[in-house]
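These notes concern the structure reproduced below.
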Amino acid sequence: MIIFIGIALLLTLLTLVWILRPIWGTKSGTNKTTVTIAVVTLIGAFSLYGWLGPIAFSDFFKQNNKPETLAAKQDVQAEIDGDAQIKQMVATLAAKLEANPNNPNGWVMLLRSYKVLGRYEEADVAYASAKKHIGETTELRNAYDEVQAARKRADKNRSQ
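If you count the sequence shown from 1, you need to add 1079 to reach my numbering.
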C-alpha cells in the first residue's frame, strides 16, 4: 500500500508540474498561487480517495472505520442464527437417519450438507454408514465424490 501511495504522489506531482509550468514563469507573485493550487489539489485528492477509496487507506493512517450500523449488526446476527439453524437441521437429519437408515435420499442430503459445512470427516463416517445400510448407489457415490472434490479444493486453498 505504501508503494501505491508513493507512486500516486509522484504521478500527481509530475502532473501538477506539467500542467502548472506555464503559470510559474509569468509573474513573481504566482509562485504562491501555484503552490497553493498544488497543495489544495493534493489535499483534495487524498480527501476524495479517503472518502471513496478502500478501507485499507484509512487503516494506513490509523483512522477508525465508521461504526457498524444497526442494519449491519442485524445482518450479522441473522447470519449467525441461520448458521445455527442449519447445523441444527443437519444434526436432526443425521439423527433421523440413525433411527431409520433405509433412506437413500436422506443419506445423499446428509453428505451434501456436510460438504457445504466443510465437515468432511463426518461425511466419511456418513458415507460408510450409508454403504452399510443401503449399499452404494449412483447418487450416493456422486454425492461422496462431490465431498472429496470439495475437500481437495479446501486443502489446496489452505496450502497456498
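We treat Cβ as the ideally placed atom computed from N, Cα and C, and that holds for glycine.
Buried or exposed, going by whether 16 or more other CB atoms sit within 10 Å of the CB of V1114? Indexing the sequence shown from 1 puts residue 1114 at position 35. Exposed, because fewer than 16 other Cβ atoms sit within 10 Å of the Cβ of V1114.
In terms of residue numbering, what span does the alpha helix (DSSP H) encompassing Q1227 cover? If you number the sequence shown from 1, residue 1227 lands on position 148. For Q1227, the enclosing alpha helix (DSSP H) stretches over residues 1217-1238.
Using beta-carbon positions only, say whether R1191 and E1225 come within less than 8 Å of one another. The residue you call residue 1191 lines up with position 112 of the sequence shown. The residue you call residue 1225 lines up with position 146 of the sequence shown. Yes.
Is DSSP giving N1144 helix, strand or coil here? As a first step, residue 1144 is located in the sequence shown; it is residue number 65 there, counting from the start. The pLDDT assigned to N1144 is 48, lower than 50, so where the model puts this residue is not dependable; a value taken from the coordinates is nonetheless given after this. It is coil, neither helix nor strand.
Who are the near neighbours of L1127 in its chain, counting only those whose CB is closer than 7 Å to its CB and skipping five residues on each side? Within the sequence shown, residue 1127 is the residue found at index 48, counting from 1. Excluding positions up to five away in sequence, the list is empty.
Compute the distance between the beta-carbons of V1187 and E1215, then report whether it is under 8 Å. Counting from one through the sequence shown, the residue named residue 1187 turns up at place 108. Counting from one through the sequence shown, the residue named residue 1215 turns up at place 136. Against a cut-off of 8 Å, the Cβ pair of E1215 and V1187 comes out as no contact.
Given a threshold of 16 other Cβ atoms within 10 Å of its Cβ, counted over all protein chains shown, does K1194 qualify as buried or as exposed? If you number the sequence shown from 1, residue 1194 lands on position 115. That one is buried.
Do L1099 and I1116 have their C-beta atoms within less than 8 Å of each other? Sequence index remark: in the sequence shown, residue 1099 carries index 20 (1-based). Sequence index remark: in the sequence shown, residue 1116 carries index 37 (1-based). Yes, they are a contact pair.
Three-state secondary structure assigned by DSSP to S1100: What you label residue 1100 is simply residue 21 of the sequence shown in a count that begins at 1. For clarity, residue 1100 is Arg in the given sequence; the question names Ser instead. Helix.
Cβ-heavy atom distance between L1190 and the ligand HEM below 7 Å? Looking for the ligand HEM in the displayed structure turns up nothing, as the structure carries no ligands at all.
Could you please give the first and the last residue of the uninterrupted alpha helix (DSSP H) stretch that includes P1183? The residue labelled residue 1183 in the question sits at position 104 within the sequence shown. Run containing P1183: 1183-1196, per the alpha helix (DSSP H) assignment.
Taking just the CA atoms, how far does I1084 sit from G1185? In the sequence shown, the residue the question calls residue 1185 occupies position 106. In the sequence shown, the residue the question calls residue 1084 occupies position 5. Computed Cα separation, rounded: 55 Å.
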